[in-house]
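Chemist: In full-length UniProt numbering, the protein residues as written are 1 to 123. Cβ atoms here follow ideal geometry from the backbone N, Cα and C, with glycine treated the same way. Owing to the predicted nature of the structure, the values given are computational and were not obtained by experimental measurement.
The following block contains the structure:
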């Protein structure tokens with residue numbers, strides 16, 4: 001699929017961008033310290049997030065990121081929500097940008113980065 005729209009990443013604690021489009025919260029847990037009514041999001045597919053065990057093992061340690069990325073992509077391939085997630089993101093990208101919202105402080109070593117890379121490989 002060719003689209004002029006793209007997948008973007010944004011921290012849950014940052015202000016919504018005017019070009020965010022369809023906003024998908026990609027964390028399993030609600031971002032700490034944010035009220036539900038204060039976060040603008042379109043969809044929260046908790047099940048697409050990494051397993052609790054994988055997140056706990058990773059602990060947002062940059063040294064573990066490459067292993068985390070490989071393991072999370074394996075989880076994604078087996079995820080029951082995989083086809084629905086891909087389909088929904090593809091459909092939204094035909095209309096506007098899709099922004100994956102995440103809570104991690106590290107903007108380079110987190111599950112949203114991996115999910116974006118994985119999703120772009122599917123498009």
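Distance check for residue 81 and residue 10, CA to CA, integer angstroms please.
Modeler: So the two alpha carbons sit approximately 22 Å from each other.
Chemist: Taking the alpha helix (DSSP H) that residue 72 falls in, what are its first and last residues?
Modeler: Per DSSP, residue 72 belongs to the alpha helix (DSSP H) from 65-78.
Chemist: Around the C-beta of residue 116, are 16 or more other C-beta atoms found within 10 angstroms, so that it is buried, or is it exposed?
Modeler: Residue 116 comes out buried.
Chemist: Identify every residue that forms a DSSP beta bridge with residue 98.
Modeler: 7 and 22.
Chemist: If contacts are defined as beta-carbon pairs under 8 Å, then residue 27 and residue 102 qualify, I think. What distance do you get, rounded to the angstrom?
Modeler: Between residue 102 and residue 27 the Cβ distance is about 6 Å, and since that is below 8 Å, they are a contact.
Chemist: Could you give the distance in angstroms between the alpha-carbon of residue 41 and the alpha-carbon of residue 63?
Modeler: Their backbone Cα atoms lie some 31 Å apart in a straight line.
Chemist: Can residue 5 be considered in contact with the ligand ZN, in the sense that its beta carbon sits closer than 6 Å to one or more heavy atoms?
Modeler: Ligands displayed in this structure: none; no statement on the ligand ZN is therefore possible.
Chemist: If I follow the unbroken alpha helix (DSSP H) through residue 112, where does it start and stop?
Modeler: That run of the alpha helix (DSSP H) goes 111-122.
Chemist: For residue 68, which residues of its own chain have a beta-carbon under 6 Å away from its beta-carbon, when the five flanking residues on both sides are left out?
Modeler: So the list reads 58, once near-sequence residues are dropped.
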